[in-house]
Amino acid sequence: MATSIPAPPRTPTPPPDDPPPPPQFPSGFNPDALSPLSSTFPTSYRNIAGSPANYGVSPSLSDASALSPPSTAEAGPFNFKPTPYIVGRPAGAAAQKQTELGRRRGHKYARSSISHQIILSPTPRTPLALPISLPVPTLREYISSMSPEQKRRWAWCTTHLLVAGWVQTRAHGSLATTSLSHLLFFDALGAFLCVAVDVGANFEVWTRSSIAHPFGLQRSEVLAGLAMSIILLFMGLDLLSHGLAHAAEHRRAGRGPHSHAPRALPPGTVDAAALASIVCSLVSAASLGNHARIGRAMRFELFPAVGWLPRVLRNPSHLLTLSCAGLLLLVPLLGVPMYAWVDAALGFGCAVAMVGLGARLAYTLGRMLLMSYSGKGVRELVGEVEGLDGVVAVDEAGVWQVHYGLCMASFRVRVRGKGEVEGLRERIGALVRSRLGGQVYGEGKSGVRWEVSVMVNVEE
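Position one of the sequence shown corresponds to residue 1 (UniProt numbering), numbered consecutively onward.
Put into C-alpha cells, the structure is as follows:
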C-alpha cells in the first residue's frame, strides 16, 4: 500500500515593483469624513444630519421652516424631497373624492373600499300607505281596554249562561225544557261573541288593513260564527238522537211515552224556567243591545219569512227561544191534557229547527270564509251592466263578501270609445249598491259596505 505524500508548500509571490494607483473619488468627496475617528461632519453633510424634514414625517415639527425643502446649492447626495402630511380631508372637491376612494364611509365594516362603488345605497322611499303588520293585543291588554258598559254586558252574558245551566237542571227528563236550555246556551254564546267583537274594535288591528291581515281581524268573527252554527247543528242532532232513542225503547217494550213521562206541573202554575228564559232573551235583545250583534252574526236578513215580525222577534235564534219558552209557559196555565205528548212534540220541533238553522248558518258563513257571495241577484246585475250605454260585453264579474261589514265587486268590461269611462264606473258602482242591498253611498240596509272596482278595455 502506497503512502500519501503531502504536497510541497507553494512559493510566495514576491510583491510588485510598482505600487497600485490610488482609488479615484469624485471631487469634494472625503472617504474619511464619516469615520468614527472624525469628530465633526463635513460642511456638505450638515443639512442631512440637522434637517428632520429630510426624514419624512416627524411629530417634533414646530414651525413651517422645517418643512421647506433644502436649497439646490445644499442638496444632499440622496436628493430627498420632503412631502408634508395634512391630517384630515383635503379642501378641494376633487381631492376629497380622491380621498374617499380609499376610505370606508359609515360603519367600519359596512362596505369594502371596492364594493361600495359597485353596490350603491338604496334610494330613499316614501313609507308604505299599508303597514306590514299591526300589534296584536295580549289578553291583559284586551281585558284592560274594556269600558264600563262592555264590562256590564259581559257580566250579563255570564248571567245568561248561568240561567241556561239552571234551566237544564230543571228539565227532569223533559225534551222541550232540554231544548230550551240548549237554545239559551246558544244565545249566551252569541252574546259573548258580540261583546268580544266590541272589545276587539278598541284596537287598530281589528279594523285597519295591513299586509299581514288585509281585512284586519274582522274575519275571525266570521270564523267564530261558523263555530257557533256548528255547535247549534250538533245540539239539534243530539236532541233528535236522544228523543228517537227513547221513543224506540218505549215502542220496543210495548209501552207509550208515559212510562218515563216528564213531571207535569199542576194546572194554573207558572213554569219558572220558561219565565226566566223569556226574561233573559228579552233583556239580551232589547236592553243591552245584544240583539243587533246576534242578528248580525245570525244574518236574519237571509230569512224573509220573519220580516213581518216585530224587531225583537226578527232574530231567528231569539224567535225560536221565545216561542219554545212561551209554549212551555202556556201549557200548564191552560191545563192541556196529555202533557207528555205535547212535550215530546215541542222538543222534536225545536230540535228540527235547531238543525235547520245551524245548517243554514254553517252554509252561509262557510261560503263567506271562502270569499263568495250568498245573496241573490248577481246574474240579474250582470245583465243590467251589459245593458248600459256604451258597454260591449262583460268579460269578468265577481262578487264576494269578506266579512259581515264588507262586500266587494269587480267587473271587467269592454266599451266603445273613451268618452264616458269615468261616468261608466260611477254608474256601475251605483247599480251594484242599489241592486245588491246597498244605498247610494255604499252602506247597505244591513250596514254592509260595498267596494266596487271596474276595469275598462276601450275598443276603437
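Idealized CB from N, CA, C, for every residue including glycine. Note that the structure is a prediction, hence the values are computed from the model and not measured.
- In chain order, what residues of the same chain lie with their CB nearer than 8 Å to the CB of W166, ignoring the 5 residues before and after it? On the sequence shown, position 166 is the one that residue 166 refers to. These residues qualify, in order along the chain: A273, A276.
- Item | Extent of the continuous alpha helix (DSSP H) run through H182 | Reading the sequence shown from its first residue, position 182 is the one you call residue 182. Element bounds for H182: 175 to 200.
- Where does F234 fall in DSSP's three states? Sequence index remark: in the sequence shown, residue 234 carries index 234 (1-based). Correct three-state label for F234: helix.
- Let me know the secondary structure DSSP gives A49 once reduced to three states. Indexing the sequence shown from 1 puts residue 49 at position 49. Note that A49 scores 46 on pLDDT, short of 50, meaning its location in the model is unreliable; the coordinates nonetheless yield the value given after this. Reduced to three states, the DSSP call for A49 is helix.
- Message: What does the Cβ neighbour count give for F192, buried or exposed, with the cut at 16 atoms within 10 Å?
- Response: Translated into positions along the sequence shown, residue 192 becomes position 192. Flag for F192 reads buried.
- Task: Keeping to the same chain, check which residues put their C-beta closer than 8 Å to that of R251; ignore five residues upstream and five downstream.
- Result: Counting from one through the sequence shown, the residue named residue 251 turns up at place 251. The answer is none, since no qualifying residue turns up.
- With distances taken Cα to Cα, identify the nearest neighbour of R208 among S133, G236, S179. Here the question's residue 208 lines up with position 208 in the sequence shown. Nearest option by C-alpha distance: S133.
- Query: Tell me, which residues are paired with S453 by DSSP?
  - Reply: Working through the sequence shown from its first residue, we reach residue 453 at position 453. S453 pairs with S410.
- Message: Just list the residues that DSSP pairs A393 with in beta bridges.
- Response: Translated into the one-based positions of the sequence shown, residue 393 becomes position 393. In DSSP, A393 forms a bridge with R414.
- Query: What residue range is occupied by the uninterrupted alpha helix (DSSP H) comprising R379?
  - Reply: Taking the sequence shown and counting its residues from 1, the one referred to as residue 379 is at position 379. Unbroken alpha helix (DSSP H) run through R379: 378 to 386.
- Beta-carbon spacing of R412, G390 below 9 Å: Position 412 of the sequence shown, counted from the start, is the residue given in the question as residue 412. Position 390 of the sequence shown, counted from the start, is the residue given in the question as residue 390. Their beta carbons are not under 9 Å apart, which means R412 does not touch G390 by this criterion.
- Message: If contacts are defined as beta-carbon pairs under 8 Å, then L322 and S281 qualify, I think. What distance do you get, rounded to the angstrom?
- Response: Taking the sequence shown and counting its residues from 1, one reaches residue 322 at position 322. Taking the sequence shown and counting its residues from 1, one reaches residue 281 at position 281. Between S281 and L322 the Cβ distance is about 5 Å, and since that is below 8 Å, they are a contact.
- Task: Take W206 and list the residues in its own chain whose beta-carbon comes closer than 7 Å to its own, dropping the five residues that flank it on each side.
- Result: Position 206 of the sequence shown, counting from 1, holds the residue named residue 206. Correct list, in chain order: G200, G216, L217, Q218.
- Item | Cβ neighbours of A188 in the same chain (closer than 7 Å, five flanking residues each side left out) | Within the sequence shown, residue 188 is the residue found at index 188, counting from 1. Cβ neighbours of A188 beyond the five flanking positions: C157, H160, L161, A164.
- Query: Can you name, in chain order, every residue of its own chain whose Cβ lies under 6 Å from the Cβ of Q168, other than the five neighbours on each side?
  - Reply: Taking the first residue of the sequence shown as position 1, residue 168 is located at position 168. Contacts found: S181.
- Query: Quick one: what does DSSP say E249 is sitting in, helix, strand or coil?
  - Reply: For the purposes of this step, residue 249 is taken as the residue at position 249 of the sequence shown. Of the three classes helix, strand and coil, the one that applies to E249 here is helix, per DSSP.
- Given that a residue counts as buried once 16 or more other Cβ atoms are within 10 Å of its Cβ, and exposed if not, what is V454? Your numbering for residue 454 matches position 454 in the sequence shown. Answer is buried; the Cβ neighbour count reaches 16.
- Message: Please classify I428 as buried or exposed, where buried requires at least 16 other C-beta atoms within 10 Å of its C-beta.
- Response: Locating residue 428 in the sequence shown gives position 428, counting from the first residue. I428 should be labelled buried.
- Query: Taking all protein chains shown into account, do 16 or more other C-beta atoms lie within 10 angstroms of the C-beta of R140, making it buried, or fewer, making it exposed?
  - Reply: What you label residue 140 is simply residue 140 of the sequence shown in a count that begins at 1. Result: exposed.
- Message: Per the DSSP calculation, G349 is bridged to which residue(s)?
- Response: As a position in the sequence shown, residue 349 is number 349, starting the count at 1. Note: G349 sits in no beta bridge, so no partner.
- Query: Do the region 221 to 236 and the region 349 to 369 make contact, defined as three or more Cβ pairs closer than 8 Å?
  - Reply: yes
- Residues sharing a beta bridge with residue 546, DSSP: Residue 546 is absent from the model: the chain starts at 1 and stops at 460.
- Query: Run through DSSP, which three-state label would G429 get?
  - Reply: For the purposes of this step, residue 429 is taken as the residue at position 429 of the sequence shown. Three-state DSSP puts G429 in a helix.
- Between which two residues does the alpha helix (DSSP H) carrying H160 extend? As a working mapping, residue 160 is identified with position 160 in the sequence shown. From DSSP, the alpha helix (DSSP H) with H160 extends over 148 to 169.
- Item | Reduced DSSP category for E459 - H, G, I as helix; E, B as strand; rest coil | Along the sequence shown, one-based indexing puts residue 459 at 459. Strand, per DSSP.
- Message: Give me, in chain order, the residues of the same chain whose beta-carbon lies closer than 6 Å to that of T13; leave out the 5 immediate sequence neighbours on both sides.
- Response: Residue 13 sits at position 13 when you count from the first residue of the sequence shown. Taken in chain order, the list of residues that qualify is empty.
- Message: When you compare the CB positions of S410 and A397, do they come within less than 9 Å of one another, or not?
- Response: As a position in the sequence shown, residue 410 is number 410, starting the count at 1. As a position in the sequence shown, residue 397 is number 397, starting the count at 1. Yes, they are a contact pair.
- As assigned by DSSP and simplified to three states, the class of G216: To locate residue 216, count along the sequence shown from 1; it is residue 216. If DSSP states are grouped into helix, strand and coil, G216 belongs with coil.
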